[in-house]
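First up is the structure itself, then whatever we jot down about it.
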Amino acid sequence: MWLWFLTLTVILLGGLYWYLRNVYFFRDPVRHPPADPDAILAPCDGTVVYVKPFRAGRIEVSKLGESVPLPEIHRSSHRFADGWLIGIYMSPLDVHFNYAPVTAAVTDVVHAPAATNLPMVDLWEYVRLTFLRRAVDLFAHRYRLVNERNTLFLRPEGRPPLAMVEIADKFVNKISCFVQAGQTVQAGQKVSFIARGSQVDLIIGEPEVGILVQAGSRVTGAESIVARWRKAAP
Numbered sequence: 006m007w008l009w010f011l012t013l014t015v016i017l018l019g020g021l022y023w024y025l026r027n028v029y030f031f032r033d034p035v036r037h038p039p040a041d042p043d044a045i046l047a048p049c050d051g052t053v054v055y056v057k058p059f060r061a062g063r064i065e066v067s068k069l070g071e072s073v074p075l076p077e078i079h080r081s082s083h084r085f086a087d088g089w090l091i092g093i094y095m096s097p098l099d100v101h102f103n104y105a106p107v108t109a110a111v112t113d114v115v116h117a118p119a120a121t122n123l124p125m126v127d128l129w130e131y132v133r134l135t136f137l138r139r140a141v142d143l144f145a146h147r148y149r150l151v152n153e154r155n156t157l158f159l160r161p162e163g164r165p166p167l168a169m170v171e172i173a174d175k176f177v178n179k180i181s182c183f184v185q186a187g188q189t190v191q192a193g194q195k196v197s198f199i200a201r202g203s204q205v206d207l208i209i210g211e212p213e214v215g216i217l218v219q220a221g222s223r224v225t226g227a228e229s230i231v232a233r234w235r236k237a238a239p
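This is the structure in C-alpha cells:
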C-alpha cells in the first residue's frame, strides 16, 4: 500500500515538474495594451522592487551620497541625464515574455554576457516576493551590476528615450530577443523572453513623468501603466 502511494506521489510530482518546466513557464497569454498615448506600460509581469530617480546619469544608493553610474546597469555608452529607474522582479511563476513599454524605434540592442550569474534573491526574499507578494528592495544586491543582461534602447516619436534592461537570474542561460536595431515596436508588443526568474529594469529618460507604482506593486506586462508622460508630444 505504502509503496503504491509513494510511486503515485513520485509520478505526480514528476508530472507536475515536467508541466511547470516545459509548459507553464512558456505560457503566452493574450495581452490588451490600453489605448493611451501618454501611458508607459510595464515591460513584464512581476513585482516592483525599486523605483529610483537618477540625476546627471547617476543613481543615489545611500544617504551618504554614494551613487552608481547608470551605464553600469545598461552596460553601454548610451547616456541618460535625469529620469527614473523602475526595477521589476519576475518570479518563476510569472509570465516570462517581455513587452515594449511604448511605441518607439529600437535604436540599439546591447548584450552583455557574464562570467557567472549570481542568484537574485535568498530563500526568504523569494518567499516574500513569490508567495507573500511583499515588497523587497533588491537595489543593493550585486547581481544588479554583474549578471548577464540584454538592453533595448527605445526612442518614442516626440518623447525622451527609454531603455529596457533585461537581467538574467542565476539559472538563466539565454535571453531570447525578438527585435533588432532599426525596427519600430508597438506598445505592448512582445520583444523578448527570459526563462525562469529574472528582472527587467525600465529606464525612463525624463524626470517629469507621473510614477504610478511603488516597491511592492504587482504589474502585468503590456497592460499595467507604471508611469505617464506629463508633457504632450509635439
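All letters in the sequence shown, in the order written, are residues 6 to 239 by my numbering. Glycine is no exception: its CB is placed at the ideal position from the N, C-alpha and C atoms. Keep in mind the model is a prediction, meaning the values are calculated, not measured.
- The alpha helix (DSSP H) runs lying completely inside the segment 142 to 202 and spanning 4 residues or more are 148 to 151, given in chain order.
- Taking all protein chains in view, the Cβ of Ala-186 is surrounded by fewer than 16 other Cβ atoms within 10 Å, so the residue is classified as exposed.
- In the structure shown, Glu-65 falls within a strand segment according to DSSP collapsed to helix, strand and coil.
- For the pair Arg-36 and Thr-225, the CB atoms are nearer than the 9 Å cut-off.
- In the assembly as shown, Glu-211 is a buried residue. Its beta-carbon has 16 or more other beta-carbons within 10 Å.
- With a 10 Å radius around the Cβ and a threshold of 16 neighbouring Cβ atoms, Ile-199 comes out buried.
- With a cutoff of 9 Å on beta-carbon distance, Arg-233 and Asp-43 are scored as near each other.
- Beta-bridge analysis with DSSP links Lys-57 to Leu-90.
- Here the segment 101 to 117 makes no contact with the segment 129 to 140; the two share fewer than three CB pairs at distances below 8 Å.
- Judged by DSSP secondary structure, Arg-36 falls outside any alpha helix (DSSP H); it is assigned neither H nor E.
- Between Ile-64 and Leu-90, the CB-CB gap stays under 9 Å.
- Within the same chain, Cβ atoms closer than 8 Å to the Cβ of Ser-181 are found at Ser-197, Phe-198, Ile-199, the five residues on either side in sequence being excluded.
- In the three-state reduction of the DSSP assignment, Leu-46 falls in the strand class.
- A Cβ-Cβ separation of about 6 Å places Ala-220 in contact with Val-54 under the 8 Å criterion.
- Closest in alpha carbon position to Thr-112, among Arg-160, Ala-140, Phe-85, Pro-76, is Arg-160.
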